[in-house]
Amino acid sequence: MIHYKAIGKIMGALLMLLGALMMPGVGFALYFGSHDEIALLSSAFVAFAIGGTLYFSFSKQDQNIRKREGYMIVTLSWIFMSVFGMLPYLFSGTIPEFHNAIFETISGLTTTGATILNDIESMPEGILFWRSMTQWIGGLGIIVLTVAILPLLGIGGIELFVAESPGPTSDKLHPRIRETAKRLWLVYIGLTIAVGILYFMGGMTFFDAVNHALTTMATGGFSTKNASMAYYDSAFIQYTAIVFMFLAGTNFTIIYFGLIGKFKRVWKSDEFKAYATAVIFLALTFVVPIFYYSGQEFEKSFRDGLFQIVSLITTTGYVTADYTAYHQGLTLLFFMMLFLGGSAGSTSGGIKFVRHLTFVKNTWLEFKRIVHPRAVVPLKINGDRVTGKIITHIMNFLLIYLMIFVLSSIVMALMGYDILTSFGAVATSLGNVGPAIGQVGPMDNFAFFDPSAKIFLSFLMLLGRLELYTILILFTPFFWRAN
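Reading the sequence shown from the start, the letters are residues 2 to 484 in the working numbering.
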């Protein structure tokens with residue numbers, strides 16, 4: 002039996018928290034005189050009112066949270082956050098259509114970074130800040146935030162944490178899940194402040210530095226400028242973004258161990274070594290052809306290439322150049338990066354390096370098993386043996402991901418979009434990246450899609466952000482059967 006009243010109480014707490022997070026935008030609206038403070042206040046009031054009603058109506062309920070409730074809470078929380086998170090757009094009239102407002106909100110919360118806005122710089126400052134805040138909220142996840150700072154929930158937080166962060170990682174910062182969540186968020190907040198200060202020192206205005214700090218650490222990619230990071234033709238700003246995008250794509254437990262001096266734990270991570278090696282290898286591979294085809298000086302070619310590689314691999318989605326303008330071969334290689342993703346336990350979307358690493362290692366060992374059928378050839382990651390259950394889980398994930406990509410691309414093509422645009426839109430939505438190929442390249446946006454296509458792509462963003470299983474399990478009959 003599913004405890005719906007317990008779910009209702011937690012949903013109420015989440016909505017109140019969402020309303021509280023809308024309030025900082027009011028300060029920017031008043032400071033800049035952008036006249037959107039009423040929209041933000043009204044949205045916060047609605048979230049508070051409905052959230053408070055839910056919470057206090059079920060405040061005395063026994064909160065027996067198990068796996069099923071955990072998955073339902075996570076899925077419903079992202080849906081509720083999307084619906085209530087779009088209210089500032091609707092109330093301010095900046096995005097008056099439902100399909101556009103929900104698309105922009107889900108793109109923000111899932112840190113995808115795809116946008117329907119044609120003129121970002123014309124948006125009022127309060128709304129722009131809320132737009133960036135949606136990505137920062139979604140970076141490590143609202144559930145992790147709640148488990149970290151709202152002990153009033155008094156629930157088995159591990160079920161929420163696992164449901165929202167289903168990536169295959171066994172690293173633990175602390176045996177208590179609440180302490181782990183707190184430490185993750187302290188690292189997250191600290192790095193956000195650090196990159197914001199560096200952006201400001203590099204020449205960004207305070208407002209732009211704050212917004213880009215929020216979306217950099219969230220690997221979201223929303224910018225306050227129409228040209229994204231290309232607007233800032235500054236090596237300091239762009240190299241700063243590269244470093245912090247790379248950090249945001251790193252498992253936050255690895256960053257934590259590095260910060261406290263446990264470097265052996267850092268270098269023990271096979272995923273981190275694969276992730277760093279891939280970035281270095283791709284940067285060295287791409288710099289020469291980009292230099293050749295772009296006609297720019299070598300340093301600028303290297304910076305643009307490294308920036309786009311890190312931005313796509315970490316699923317941040319910032320752009321400094323049109324990578325589709327170099328050569329069709331390079332365009333294809335950049336497109337393939339949409340399927341990489343950063344590290345498990347990071348703010349990145351995508352498949353994640355640990356899954357690719359497990360797949361490659363297991364495939365290589367399979368050749369050895371064929372030659373020596375009686376030998377016991379275990380697969381190890383970080384020196385630990387990977388169980389057959391985890392290998393099966395990862396292989397199934399990769400297969401399901403591929404099937405969803407293919408079928409969704411067919412759906413988009415049947416809607417009337419060309420094959421490159423269909424591939425690009427589905428890959429970037431499912432991987433939570435932002436730019437892609439076709440009509441959704443780095444210099445384009447998603448405004449031209451039909452309402453039905455935008456809703457469909459929004460669903461893919463949620464599916465990718467929660468790594469497939471969390472949502473898909475709700476569509477299975479045995480999930481709803483009583484114990």
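Ideal Cβ positions, reconstructed from N, Cα and C, are used throughout, including at glycine.
Bear in mind the structure is a predicted one, so any value in this text is a computation, not a measurement.
- When DSSP states are grouped into helix, strand and coil, residue 482 belongs to the coil group.
- Residue 142 and residue 45 have their alpha carbons spaced roughly 19 Å apart.
- About 23 Å separates the beta carbon of residue 139 from that of residue 38, a gap too long to meet the 8 Å contact definition.
- Here residue 83 has 103, 106, 107, 110 as same chain residues with Cβ atoms under 7 Å from its own Cβ, once five neighbours each way along the sequence are excluded.
- Counting only the Cα atoms, residue 242 lies some 33 Å from residue 381.
- The three-state secondary structure of residue 381, taken from DSSP, is strand.
- Under DSSP, residue 386 forms a beta bridge with 381.
- Burial state of residue 95 is buried, judged by a 10 Å Cβ sphere holding 16 or more other Cβ atoms.
- Sequence-distant partners of residue 401 (beyond 5 residues in either direction) whose C-beta falls short of 8 Å from its own C-beta, in its chain, are 469, 473.
- Selection 137, 119, 59 evaluated against residue 23 yields 137 as nearest (Cα-Cα).
- 200 is the residue among 205, 200, 234 whose C-alpha sits nearest the C-alpha of residue 218.
- The beta carbon of residue 27 sits closer than 7 Å to the beta carbons of 38, 41, 42, 127 from its chain, once the five residues preceding and following it are set aside; these are given in chain order.
- Taking one beta carbon from each stretch, the segment 282-294 and the segment 208-222 have fewer than 3 pairs nearer than 8 Å; the two do not touch.
- The segment 299-307 and the segment 228-245 touch, with three or more beta-carbon pairs separated by less than 8 Å.
- Contact between residue 52 and residue 17 holds: CB atoms are separated by about 4 Å, below the 8 Å threshold.
- In this structure, residue 346 sits away from residue 429, with a CB-CB distance that is not shorter than 9 Å.
- Note on residue 300: under 16 other CB atoms within 10 angstroms of its CB, so exposed under the neighbour-count rule.
- Excluding the 5 residues flanking it on each side, residue 480 has same chain C-beta neighbours closer than 6 Å at 474, in chain order.
- Approximately 22 Å separates the beta-carbon atoms of residue 349 and residue 210; this is outside 8 Å, ruling out the contact.
- Out of 252, 372, 282, the CA that lies nearest to the CA of residue 269 is found in 252.
- Here the alpha carbons of residue 87 and residue 81 stand approximately 10 Å from one another.
- In terms of CA proximity to residue 114, 434 leads the group 56, 371, 337, 434.
- Cα atoms of residue 420 and residue 264: separation of roughly 46 Å, rounded to the nearest angstrom.
- Under the DSSP assignment, residue 136 falls in the alpha helix (DSSP H) whose first and last residues are 126-141.
- The beta carbon of residue 93 is closer than 6 Å to those of 37, 40, 128 in its chain, skipping five residues each way along the sequence.
- The C-beta of residue 397 has fewer than 16 other C-beta atoms within 10 Å across all chains shown, which makes the residue exposed.
- By the CB criterion at 9 Å, residue 272 and residue 101 fall outside the cutoff.
- Counted as a single uninterrupted DSSP element, the stretch harbouring residue 319 is not any alpha helix (DSSP H), since DSSP gives it neither H nor E.
- Per DSSP, residue 418 lies in no alpha helix (DSSP H) segment and is marked neither H nor E.
- The criterion of a C-beta distance shorter than 9 Å is not satisfied by residue 135 and residue 239.
- Comparing alpha-carbon positions, the option among 335, 344, 314 lying closest to residue 323 turns out to be 335.
- With contacts defined as CB atoms closer than 9 Å, residue 395 and residue 359 qualify as a contacting pair.
- Distance between residue 391 and residue 283, taken at the CA atoms: about 29 Å.
- Counting along the chain, residue 239 sits inside the alpha helix (DSSP H) bounded by residues 236-249.
- Between residue 10 and residue 60, the beta carbon gap of about 6 Å places them in contact (Cβ cut-off 8 Å).
- The alpha-carbon of residue 202 is positioned some 42 Å away from that of residue 361.
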